[in-house]
Amino acid sequence: MYILQQSRSISVKLSFNNTRNSLARGLYIKERCVLSIMDIMQQLMDVDKKAREQERMELIQRFYNEGVSITTIANATNMCEEDISYIVSN
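Using numbering that gives the first Met the number 0, the first residue of the sequence shown is number 0, and each one after it goes up by one.
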């Protein structure tokens, strides 16, 4: 009888350990997925930021070509005149 109780106890412990290991693996996979999603979101935000910067530079160039002064563009964009001059010269 004692051997049977020990066997059941070992079986319960093994079952608990297997469940715990499965949960740990599941959490690890979930954590990796969350990190992967966060990496993708960061990349999307970086691409969006670059696209907005490119669009802003194109607008600055277009306004300059239409005759708007560098000072006016600098005041409207909260950028310094040197930065505006650099953008329109390149």
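Even for Gly, the Cβ is constructed at its ideal location relative to N, Cα and C.
No experiment lies behind these values; they were computed from the predicted model shown.
Can you give the Cα-Cα distance for residue 32 and residue 51, rounded to whole angstroms? Here residue 32 corresponds to residue number 33 of the sequence shown, with the count starting at 1. Here residue 51 corresponds to residue number 52 of the sequence shown, with the count starting at 1. Near 28 Å, if we compare the C-alpha coordinates of residue 51 and residue 32.
May I ask which residues mark the beginning and end of the alpha helix (DSSP H) holding residue 87? The count along the sequence shown starts at 1 and reaches residue 87 at position 88. First-last of the alpha helix (DSSP H) with residue 87: 80 to 88.
DSSP three-state call for residue 46: helix, strand or coil? Locating residue 46 in the sequence shown gives position 47, where the first residue counts as 1. Looking at residue 46 - three-state DSSP - the assignment turns out to be helix.
Check whether the segment 61 to 79 and the segment 34 to 47 are in contact - that is, three or more C-beta pairs closer than 8 Å. no
Let's test the definition: count the other Cβ atoms within 10 Å of the Cβ of residue 1 and tell me whether it reaches 16, buried, or not, exposed. Here the question's residue 1 lines up with position 2 in the sequence shown. For residue 1, the predicted structure reports a pLDDT of 47, less than 50, and the residue's modelled location is therefore unreliable. A value from the coordinates is still provided. So residue 1 ends up on the exposed side.
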